[in-house]
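The UniProt record's numbering applies: residue 6 is where the sequence shown begins, and numbers increase by one. Glycine residues also receive a C-beta, built at the ideal position from the N, C-alpha and C atoms. What you are looking at is a predicted structure, and each value in this text was computed from that prediction instead of being measured.
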Amino acid sequence: LSERLQSALKNVTRKGKLTEKDVDVMMREVRLALLEADVNIKVVREFIKEVKEKAIGETVLKSLTPGQQVIKIVNEELTKLMGDEAEYLNFGTSKPAVFMMVGLQGAGKTTHTGKLSTYLRKKDKKNPLLVACDVYRPAAVDQLKTIGKQLNIPVFEKGTSMNPVDIAAEAIAYAKENGHDLVIIDTAGRLHIDESLMNELKEIKALVKPQEILLVVDAMTGQDAVNVAESFHQQLDLTGVILTKLDGDTRGGAALSIRKMTNVPIKFMGMGEKLDTLEVFHPERMASRILGMGDVMTLIERAQENFDEEESMKLADKMMNATYDFNDFLKQMKQMKRLGAFEDILKMIPGVGNQLKDINIDPKQMARVEAIIYSMTEQERKNPDLINASRKNRIAKGCGCDLAEVNRLIKQFTDMRKMMKRFSNMDPRQMERMAAAM
Ligand code: GDP
Ligand code: MG
């Protein structure tokens with residue numbers, strides 16, 4: 006879909022204030038992007054309405070097209086909706102801090118009990134104790150023990166015959182005695198939400214008074230994730246969500262829906278089966294992912310910061326008037342460099358990233374082009390037609406390049422100028438068609 010979004014982007018290219026029509030064109034595509042990312046329909050409707058109101062009448066920044074401007078607003082609003090800054094964990098003041106992991110079966114509770122413990126041991130220098138409270142499947146206890154062994158983090162378990170509430174109580178006493186400042190309780194899940202599970206979780210909660218109750222939820226379940234989050238929140242008053250399996254190809258719409266419907270912050274994302282694949286949740290990155298736009302926003306923002314607008318306008322004018330010379334070319338190259346490695350920029354454009362995998366754009370090549378231009382005289386730069394064979398020889402010697410390289414650059418430059426000239430003689434409608442094809 007992001008292709009559709011991109012083509013919509015291209016078709017909205019006028020400058021000035023955002024009109025209702027610009028916004029409508031773009032929002033239709035944004036709406037589809039959100040629905041395809043499996044965002045809850047209620048959330049989509051509300052969001053579109055809010056953003057439309059906000060966007061219409063806004064001035065388009067000089068360095069952006071109206072289409073880009075709308076996307077920028079959409080992205081900012083999505084980011085805001087998901088919490089702007091990542092919210093961190095609350096360890097409280099009493100020792101040990103207690104975290105409960107809850108969620109449906111298969112969501113990733115046990116795996117993320119492990120991931121979170123190793124993450125916090127490293128980042129916050131915690132000395133965690135893992136607690137096996139899923140007593141309904143013998144394999145569940147073994148799974149946590151295996152994970153603990155792998156990470157070299159102790160696991161408190163009483164097999165499968167004891168009541169999970171009692172296990173939790175004993176575990177906390179054990180943690181106090183043994184100097185653990187963090188207890189992470191892995192609880193049982195069910196295929197669906199049911200009352201006996203909720204009652205058990207409520208009992209554990211009442212007893213251990215956890216600082217964090219983290220809902221572990223599978224991002225791939227999309228819409229269902231919202232229902233799950235709503236029920237768990239109603240019953241248990243969640244403090245955070247860990248959204249798992251984002252290493253899959255899901256667009257992550259669940260993140261947006263959950264946040265908007267429950268207002269529970271998403272704190273972490275699970276990015277794989279391995280135990281070192283836990284990441285702090287980044288609303289901004291998730292917004293781009295939901296829109297399916299790669300890092301377009303980063304690109305738009307960098308362009309905004311770095312391009313001297315006046316300069317760009319002047320250059321564009323010159324291009325059209327075919328007075329574009331080697332000095333202008335040099336200036337443009339410098340702007341490109343300021344934008345960051347050229348390759349990185351291209352990779353941020355959706356769709357280009359993959360195609361570019363095997364191609365290398367060599368910064369050394371750019372440096373050589375610069376060297377060639379620097380060994381031209383001012384006159385030659387202003388009037389490239391002056392550059393005859395003997396001048397070419399002198400330039401090649403001056404910069405230590407092959408004559409062939411000098412020839413190639415001058416030929417490319419002359420071709421480019423010819424093309425610009427053709428552009429400037431085109432009628433506007435023709436140009437629009439060409440721009441859309443690019
Ligand atoms: P639980 O039933 O909630 O305890 O879920 P588990 O922790 O046992 O995980 C269920 C399955 O999902 C296991 O095969 C895990 O390896 C896998 N899993 C957990 N988290 C992730 C993740 O972030 N990415 C991927 N790809 N798989 C995950
Ligand atoms: Mg489990």
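Please state whether the Cβ-Cβ distance between residue i and residue j is less than 7 Å.
| i | j | result |
| --- | --- | --- |
| I392 | I377 | no |
| F286 | I271 | yes |
| L187 | K131 | yes |
| A112 | D254 | no |
| E235 | T267 | yes |
| D191 | A144 | no |
| I295 | G245 | no |
| M203 | Q240 | yes |
| T115 | Q148 | yes |
| E220 | L196 | A small fix is needed here, since residue 220 is Leu in this sequence, not Glu. For L220 and L196, no; Cβs fall outside 7 Å. |
| K57 | V75 | no |
| R256 | A42 | yes |
| I172 | S122 | no |
For residue i, which residues from the same chain have a beta carbon less than 7 Å from its beta carbon, with the 5 sequence-adjacent residues on both sides left out?
| i | result |
| --- | --- |
| N168 | none |
| E25 | I61 |
| K423 | none |
| A401 | D407, L408 and V411 |
| I364 | A caution first: I364 carries a pLDDT of 44, below 50, which makes its placement in the model too unreliable to give a value. |
| G277 | D252 |
| S380 | I400, G403 and C404 |
| N80 | A292, S293, L296 and M302 |
| D390 | none |
| N398 | L408 |
Report, in whole angstroms, the separation of the C-beta atoms of residue i and residue j, which I expect to be a contact under 8 Å.
| i | j | result |
| --- | --- | --- |
| I78 | K59 | 6 Å |
| K210 | M106 | The Cβ separation is near 12 Å, so there is no contact. |
| A193 | D139 | 4 Å |
| V170 | L212 | 6 Å |
| F273 | E284 | 7 Å |
| L86 | K265 | 6 Å |
| residue 2 | V233 | Since the first residue shown for the chain is 6 and the last is 443, residue 2 is missing from the structure and cannot be characterised. |
Relative to the alpha-carbon of residue i, which residue among the options has its alpha-carbon at the smallest distance?
| i | options | result |
| --- | --- | --- |
| A91 | R33, I247, L251 and N388 | I247 |
| V231 | I158, E208 and L261 | L261 |
| L251 | A372, G227 and Y93 | G227 |
| K387 | D330, Y93, I172 and G245 | D330 |
| D89 | M381, N332, Q370 and M291 | M291 |
| residue 449 | Y141, Q155, G72 and N183 | Outside the displayed span of the chain (6 to 443) sits residue 449, for which this structure offers no information. |
| K128 | T115, S99 and Y93 | Y93 |
| T382 | R50, N332, L86 and V56 | N332 |
| G275 | T84, H117, D43 and V56 | H117 |
| E200 | M225, F237 and D229 | F237 |
| N45 | Q370, D229, D420 and L280 | D229 |
| S166 | V146, K150 and I177 | V146 |
| T151 | S99, L280, M225 and I177 | L280 |
| M421 | E385, M371 and T328 | T328 |
| H185 | L206, K369, V269 and S99 | S99 |
So, for residue i: in the same chain, excluding its five sequence neighbours on each side, which residues have a beta-carbon less than 6 Å away from its beta-carbon?
| i | result |
| --- | --- |
| K180 | One point to set straight first is that residue 180 is Ala, not Lys, in the sequence displayed. Answer for A180: P101, L134 and V188, listed in chain order. |
| I354 | Residue placement at I354 cannot be trusted, given a pLDDT of 49 that sits under 50; what the coordinates show is reported in the next sentence. Once the five neighbours on either side are set aside, I354 has no close Cβ partner at all. |
| G97 | Q216 |
| L39 | V49 |
| E182 | none |
| L335 | I378 |
| A440 | Any answer about A440 is weak, because its pLDDT of 49 lies below 50 and its placement is not dependable; what the coordinates show is given next. Cβ neighbours of A440 beyond the five flanking positions: none. |
| K47 | none |
| E385 | L391 and I392 |
Excluding the five sequence neighbours on either side, which residues of its own chain have a C-beta within less than 8 Å of the C-beta of residue i, listed in chain order?
| i | result |
| --- | --- |
| K22 | G62, E63, T64 and V65 |
| E208 | V170 |
| I177 | P101, V103, V188 and V213 |
| T249 | A112, G113, T116, H117, V221, V222, D223, A224, M274 and G275 |
| F418 | F331, F334 and P389 |
At a cut-off of 6 Å, would you count residue i as near ligand 3, judging by its Cβ distance to the nearest heavy atom?
| i | result |
| --- | --- |
| A91 | Although ligand 3 was asked about, the structure shown includes only ligand 1 and ligand 2 as ligands. |
Quiz: which residues have CB nearer than 7 Å to ligand 2 non-hydrogen atoms: K114, T115, D139, A145, Q148, D191 and G194
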